[in-house]
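Asks: Sequential numbering from 1 applies to the sequence shown in full-length UniProt numbering.
C-beta: ideal position from N, C-alpha, C; glycine also.
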Amino acid sequence: MRVILLGTAAGGGFPQWNCACALCVSDAPPRTQDCVAVSADGEDWYLLNVSPDIRAQILATRPLRAGPGPREIPLRGVLLTDAELDHSLGLLLLREAGGLPVWAPDAVLHALSERFPARSIIDGYGGWGWLPSSEVAIDGLRVSVLPVSDKRPKYARTSTEDGPWVVAYRIEDLRTGGVFVYAPCLKSWPEGFDDFTRDAGLVLLDATFYAPDEMSGATAAEVGDGAQLAMGHLPITGSLAKLRPGPRWAYTHLNNTNPVVDPASPEHAAVLNGGASLPLDGTEFKL
């Protein structure tokens with residue numbers, strides 16, 4: 001199984017266009033918004049979330065580019081972990097794909113129909129399918145789902161739809177036995193997550209924030225730690241100590257306020273010393 005990190009930043013990317021904090025004006029390497037591509041054979045590719053940066057991400061990733069025919073593409077489907085805009089807006093940019101299956105939690109499918117009408121917009125281009133994440137079917141890969149939270153996106157915060165609203169995916173290569181776990185949005189260390197990641201060769205974790213109060217310090221905004229935690233992201237300081245020997249642990253979905261975006265920061269060093277990595281866009285793993 002090949003796993004390519006197309007983007008590794010949280011919503012807005014890094015640097016953010018509307019921010020002049022110390023990190024956003026620094027020389028730290030830029031990152032586009034979180035998105036991953038996986039393939040069992042290197043020919044048929046599936047996207048895990050679809051960021052607003054998907055066009056640039058595809059063009060920067062040779063295995064995902066069109067060809068060999070003039071209108072042939074290697075994309076075969078999309079798996080959404082949640083309904084956040086930074087994970088779903090890219091669907092609109094894929095409207096001319098000729099139709100793809102999209103798997104997502106039931107609440108997410110409902111939100112993309114009733115709260116943010118992406119489905120009705122894209123369906124006008126024909127051939128799209130909208131399926132529950134419990135029914136993912138991909139040749140050569142076995143996909144399992146773990147509910148991780150009921151955190152709704154802002155545009156659907158009044159929704160009464162039952163969750164889960166956010167899930168993690170465990171993807172196993174049936175030929176090699178390699179296992180990849182994708183969990184970019186963790187509100188907490190969920191029950192059953194240790195078993196879910198057991199025997200995994202790679203686990204990609206939520207790194208939106210390093211500490212629970214960092215937004216106030218980084219942007220001089222009055223954002224308390226309670227309000228930040230309500231955004232649904234377990235900070236690195238809450239997950240790093242839970243990492244155990246065995247899997248390769250890596251962090252993604254980095255917010256522009258997270259000091260680990262600077263490779264020279266002590267926080268970046270602390271993550272590496274804690275047994276995890278902070279891969280950049282374009283990093284590929286083989287499992």
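On the CB-based measure, 16 or more other CB atoms within 10 Å of its CB, does ILE121 come out buried or exposed?
Replies: Your numbering for residue 121 matches position 121 in the sequence shown. Exposed is the call here.
Asks: So, using beta-carbon positions, are VAL167 and THR81 closer together than 8 angstroms?
Replies: The residue given as residue 167 occupies position 167 in the sequence shown. The residue given as residue 81 occupies position 81 in the sequence shown. In contact: VAL167 and THR81 (Cβ atoms closer than 8 angstroms).
Asks: Could you name each continuous beta strand (DSSP E) segment of 3 residues or more that falls completely within the region 155-225, going from the start of the chain to the end?
Replies: 166-173, 179-183 and 202-206
Asks: Report the three-state DSSP secondary structure of THR252 (helix, strand or coil).
Replies: Stepping through the sequence shown from its first residue, residue 252 is reached at position 252. For THR252, the secondary structure class from DSSP, reduced to helix, strand or coil, is strand.
Asks: Looking at the structure shown, is ALA118 part of a helix, part of a strand, or coil, going by DSSP?
Replies: Here residue 118 refers to the residue found at position 118 of the sequence shown. The answer is helix: DSSP assigns ALA118 an H, G or I state.
Asks: Tell me, please, which residues DSSP counts as bridged to GLN16.
Replies: Numbered from its first residue, the sequence shown carries residue 16 at position 16. DSSP, once it has assigned bridges, lists no residue as partnering GLN16.
Asks: Within the same chain, show all residues whose beta-carbon is closer than 6 angstroms to that of PRO105, passing over the 5 residues directly before and after it, in chain order.
Replies: On the sequence shown, position 105 is the one that residue 105 refers to. Answer for PRO105: SER133, PRO164 and VAL167, listed in chain order.
Asks: Of the choices LEU131, ALA111 and ARG119, whose alpha-carbon is the least far from that of THR158?
Replies: Here residue 158 refers to the residue found at position 158 when the sequence shown is read from its first residue. It is ALA111 whose Cα lies nearest to the Cα of THR158.
Asks: Tell me, which residues are paired with SER277 by DSSP?
Replies: On the sequence shown, position 277 is the one that residue 277 refers to. The partner list for SER277 (beta bridge, DSSP) reads ALA250.
Asks: Rounded to whole angstroms, what is the Cα-Cα separation between ASN18 and GLY177?
Replies: Along the sequence shown, one-based indexing puts residue 18 at 18. Along the sequence shown, one-based indexing puts residue 177 at 177. Between ASN18 and GLY177, the C-alpha separation is close to 44 angstroms.
Asks: Quick check: what's the CA-CA separation for LYS242 versus GLY192?
Replies: Your numbering for residue 242 matches position 242 in the sequence shown. Your numbering for residue 192 matches position 192 in the sequence shown. Roughly 13 angstroms separates the two Cα atoms.
Asks: I need the DSSP call for LEU240, collapsed to helix, strand or coil.
Replies: Start at 1 with the first residue of the sequence shown, and residue 240 comes out as number 240. Note: LEU240 maps to helix in three-state DSSP.
Asks: Ordered along the chain, which non-local residues of its own chain (more than five positions away) have a Cβ less than 7 angstroms from that of ALA66?
Replies: If you number the sequence shown from 1, residue 66 lands on position 66. Hits under 7 angstroms: GLU72 and ILE73.
Asks: Between the C-alpha atoms of HIS268 and ILE4, what's the straight-line distance to the nearest angstrom?
Replies: Within the sequence shown, the letter at position 268 stands for residue 268. Within the sequence shown, the letter at position 4 stands for residue 4. Whole-angstrom Cα-Cα distance: 22 angstroms.
Asks: So, TYR234 versus SER188, is the Cβ gap smaller than 8 angstroms?
Replies: Taking the first residue of the sequence shown as 1, we reach residue 234 at position 234. Taking the first residue of the sequence shown as 1, we reach residue 188 at position 188. According to the sequence displayed, residue 234 carries Leu and not Tyr. In contact: LEU234 and SER188 (Cβ atoms closer than 8 angstroms).
Asks: Are the region 38-47 and the region 112-119 touching, with three or more C-beta to C-beta distances below 8 angstroms?
Replies: No, the region 38-47 is not in contact with the region 112-119.
Asks: Which residues does DSSP list as the beta-bridge partners of GLU284?
Replies: For the purposes of this step, residue 284 is taken as residue 284 along the sequence shown, with counting starting at 1. For GLU284, which the question treats as bridged, DSSP gives the partners ILE4.
Asks: Taking DSSP's pairing of strands, which residues face GLN33 in a bridge?
Replies: As a working mapping, residue 33 is identified with position 33 in the sequence shown. According to DSSP, GLN33 bridges with ALA9.
Asks: On the DSSP bridge assignment, give the partners of ARG142 in chain order.
Replies: As a position in the sequence shown, residue 142 is number 142, starting the count at 1. ARG142 pairs with GLU172.
Asks: Which runs of the beta strand (DSSP E) spanning at least 3 residues fall entirely within the region 80-135, listed in chain order?
Replies: Correct list: 101-104 and 129-132.
Asks: What number of angstroms, rounded off, separates the C-alpha of PHE180 from the C-alpha of LEU278?
Replies: Here residue 180 refers to the residue found at position 180 of the sequence shown. Here residue 278 refers to the residue found at position 278 of the sequence shown. Rounded to the nearest whole angstrom, the C-alpha separation of PHE180 and LEU278 is 16 angstroms.
Asks: Please classify GLY126: is it buried, with 16 or more other beta-carbons within 10 angstroms of its beta-carbon, or exposed?
Replies: Walking along the sequence shown from the start, residue 126 turns up at place 126. Per the 10 Å Cβ criterion, exposed.
Asks: How many Å lie between GLY99 and ILE171 at the Cα?
Replies: Here residue 99 is taken as the residue at index 99 of the sequence shown, counted from 1. Here residue 171 is taken as the residue at index 171 of the sequence shown, counted from 1. When rounded, the distance between both Cα atoms is 23 angstroms.
Asks: Helix, strand or coil for LEU23, going by three-state DSSP, please let me know.
Replies: Walking along the sequence shown from the start, residue 23 turns up at place 23. Correct three-state label for LEU23: coil.
Asks: Assuming ALA40 contacts GLY140 (C-beta within less than 8 angstroms), just tell me the rounded distance between them.
Replies: For the purposes of this step, residue 40 is taken as residue 40 along the sequence shown, with counting starting at 1. For the purposes of this step, residue 140 is taken as residue 140 along the sequence shown, with counting starting at 1. With a Cβ gap of about 3 angstroms, ALA40 and GLY140 count as contacting.
Asks: Given a cut-off of 8 angstroms on the beta-carbon distance, is the pair ARG31 and GLY13 in contact?
Replies: Sequence index remark: in the sequence shown, residue 31 carries index 31 (1-based). Sequence index remark: in the sequence shown, residue 13 carries index 13 (1-based). In this structure, GLY13 lies closer than 8 angstroms to ARG31 by Cβ.
Asks: Within 10 angstroms of the Cβ of ARG152, are there 16 or more other Cβ atoms? Answer buried if so, exposed if not.
Replies: On the sequence shown, position 152 is the one that residue 152 refers to. It counts as buried.
Asks: Is the distance from the Cβ of GLY201 to the Cβ of ARG142 below 8 angstroms?
Replies: Mapped onto the sequence shown, residue 201 falls at position 201. Mapped onto the sequence shown, residue 142 falls at position 142. Not closer than 8 angstroms, so no.
Asks: If contacts are defined as beta-carbon pairs under 8 angstroms, then ALA107 and VAL148 qualify, I think. What distance do you get, rounded to the angstrom?
Replies: Against the sequence shown, residue 107 aligns to sequence position 107. Against the sequence shown, residue 148 aligns to sequence position 148. Rounded, the Cβ-Cβ distance is 13 angstroms, inconsistent with contact.
Asks: Can you name, in chain order, every residue of its own chain whose Cβ lies under 8 angstroms from the Cβ of SER239, other than the five neighbours on each side?
Replies: The residue you call residue 239 lines up with position 239 of the sequence shown. Listed in chain order, the non-local C-beta contacts of SER239 below 8 angstroms within the same chain comprise LEU186, TRP189, LEU205 and ASP206, local neighbours out to five positions each way being set aside.
Asks: If we call anything under 8 angstroms between Cβ atoms a contact, is LEU94 one with ILE54?
Replies: Here the question's residue 94 lines up with position 94 in the sequence shown. Here the question's residue 54 lines up with position 54 in the sequence shown. Yes.
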